[in-house]
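First comes the structure, then the notes that go with it.
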Amino acid sequence: MRRTVYTADHEAFRETLRAFIESEVVPHYDEWYANGIVPKEFYLKLGELGVFGIEVPEEYGGAGIESFKYQAVISEELGRAGVSFGGSSVHIALCLPYLTGLATDEQKQRWLPGMASGETMFAIAMTEPGTGSDLAGMKTTAKLSADGTHYVLNGAKTFITGGVNADRVIVCARTAPPKDDDRRYGISLFVVDTTLPGYAVGRKLDKIGLRTSDTAELSFTDVQVPVEDLLGEENKGFSYLGQNLPQERLSIAVGAYSQAAAAVRFAQAYTEDRTIFGKTVASFQNSKFELAACKAKVDAMESCVDRGLELHDAHELTAADAASLKLFCTEAASDVIDRCLQLHGGYGYINEYPIARLYADNRVNRIYGGTSEVMKSIIAKDMGL
Ligand SMILES: Cc1cc2nc3c(=O)[nH]c(=O)nc-3n(C[C@H](O)[C@H](O)[C@H](O)COP(=O)(O)OP(=O)(O)OC[C@H]3O[C@@H](n4cnc5c(N)ncnc54)[C@H](O)[C@@H]3O)c2cc1C
């Protein structure tokens, strides 16, 4: 279907990015994949290219474009090539809105230029070993010191994307106990400098997919976080998470759509090339039907994400809209990628083939940013159930 969501500027950016991915990512990808991390210096190249600064306001070194569509183009091009920019996926798509929306001018001055250039990499730490879906149950604490100059941070986080390479991490911690009628009260956000004493990066987790992304455990032992690094108001952190999670979920939906679209392309190319019983696999009616059904699903996902992008740019994407988008696109993408892998036969199970990596990379879309079950809870609540 002809898309109307992108302008000539987006398409020009797409061309530049595609060439960059071909020359700067594809040749190194196997090495990054084997090492389980993207070298930090690579992020400076992304900064130089302007990828990190697109939505950073001009006065802080960015291009000041108020649209998420460029992030969607990045996601589509990474999916198309079957690669990723590692843990930096959260740097802009997740962390930037917290800073533009909540930081003071003084904080923006300190953090945003480095964010745009790639010199200061950001991650976000909500999940804890005992608490993922139920964020209000988090145990990490931040206690204001007697002299009021700093908070003392104690606790642990897990599954933190970009956790190894991060220079600053937006850490969610309890600054007050929950209220009897409001479990969400008492959480605050801190932009923690990862070089502070007591801040430690634990294991880099060994994942089945997204192998170039550094996903880590973090721990905090009496970390003295200056009061200047509190983000937004004390105890209101949960509402800030609520405001920013729709963009995270939209971005996961776009990623899932991009991976499904790539899977169909990979499967079509493979089946047109592979000959068995004296014919190409693509010539079997089953292959044509499978590919056609997958293409129809991808078209449906595309319409949904395009609508989501328009609504998000107009500040009209609700939490329930984002949950529906994430639920539908991630579940549909899993089905499409599985069918496309099947069309590859045994080669689809071998990591050398991009479809195998896509299969493993895609699986987490139904888990992180809120599981499919949590998305259903949000949608059901919005329906008044
Ligand atoms: C690769 C990866 C990267 C990640 N990156 C980050 C990151 O950068 N920052 C960060 O903070 N977190 C990150 N996460 C964490 C992620 O958001 C959580 O894993 C996710 O929210 C689920 O939490 P959990 O793992 O604790 O599962 P649990 O909450 O323990 O859930 C277990 C099961 O119970 C189900 N369940 C939970 N609640 C309900 C309910 N009310 N009704 C029915 N079923 C329910 C869940 O759907 C799931 O199936 C990442 C995770 C992964 C795997």
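Be aware that the sequence shown starts at 1, since it is given in the UniProt record's numbering, and climbs by one per residue.
The C-beta atom is built at its ideal place from N, Cα and C for all residues, glycine as well.
Every value quoted in this text rests on a predicted model; they were computed, and no experiment measured them.
- The beta carbon of S251 sits closer than 6 Å to the beta carbons of A93 from its chain, once the five residues preceding and following it are set aside; these are given in chain order.
- For V26, no alpha helix (DSSP H) run applies, since DSSP gives it neither H nor E.
- Residues R249, I252, A253 and M375 of the same chain have their beta carbon placed closer than 6 Å to that of K326, with the five preceding and five following residues left out of the count.
- The way I'd put it, the stretch 94 to 110 does touch the stretch 233 to 246; three or more beta-carbon pairs between them come closer than 8 Å.
- Secondary structure note for N286: its alpha helix (DSSP H) is the uninterrupted segment Q285 to D313.
- Straight-line measurement puts the Cα of E234 at about 10 Å from the Cα of Y185.
- Beta-bridge analysis with DSSP links Y151 to L144 and V225.
- By the Cβ neighbour-count rule, Y257 is buried, with 16 or more other Cβ atoms within 10 Å of its own.
- Using a Cβ distance threshold of 8 Å, I160 and L189 do not count as a contacting pair.
- Following the DSSP letters along the chain, one finds G255 inside the alpha helix (DSSP H) bounded by residues G237 to D273.
- In the DSSP annotation of this structure, the continuous segment of the alpha helix (DSSP H) that includes F42 starts and ends at K40 to L49.
- The closest heavy atom of ligand 1 lies 7 Å or more from the beta carbon of A360.
- Runs of beta strand (DSSP E) with 3 or more residues, each lying fully within the stretch 157 to 235, are found at 168 to 174, 187 to 193, 199 to 204 and 215 to 226, listed in chain order.
- Listed as beta-bridge partners of F122 by DSSP are R168.
- In this structure, the CA atom of L311 is about 13 Å from the CA atom of A320.
- Rounded to whole angstroms, the gap between the alpha carbons of E302 and R3 is 9 Å.
- Secondary structure note for M115: its alpha helix (DSSP H) is the uninterrupted segment D105 to S117.
- Distances taken from the Cβ of D206 to the heavy atoms of ligand 1 include none shorter than 7 Å.
- Ranked by Cα distance from K143, the first of T195, P226 and G118 is P226.
- The bridge partners DSSP lists for T131 are E128.
- By DSSP's assignment, K279 forms a beta bridge with I276.
- Counting the other CB atoms within 10 Å of its CB gives D206 a total below 16, which places it among the exposed residues.
- Put simply, the backbone Cα of R80 is about 7 Å away from that of A261.
- Burial state of A356 is buried, judged by a 10 Å Cβ sphere holding 16 or more other Cβ atoms.
- In terms of Cα proximity to S67, the closest of F220, V5, F42 and E59 is V5.
- Note on geometry: alpha-carbon atoms of P27 and I21 lie some 9 Å from one another.
- By the criterion of a C-beta distance shorter than 7 Å, R14 is surrounded in its chain by V73 and E77, once the five residues flanking it on both sides are discounted.
- Judged by the Cβ position, S88 fails to qualify as a neighbour of ligand 1 at the 7 Å threshold, every heavy atom of the ligand being at least this far.
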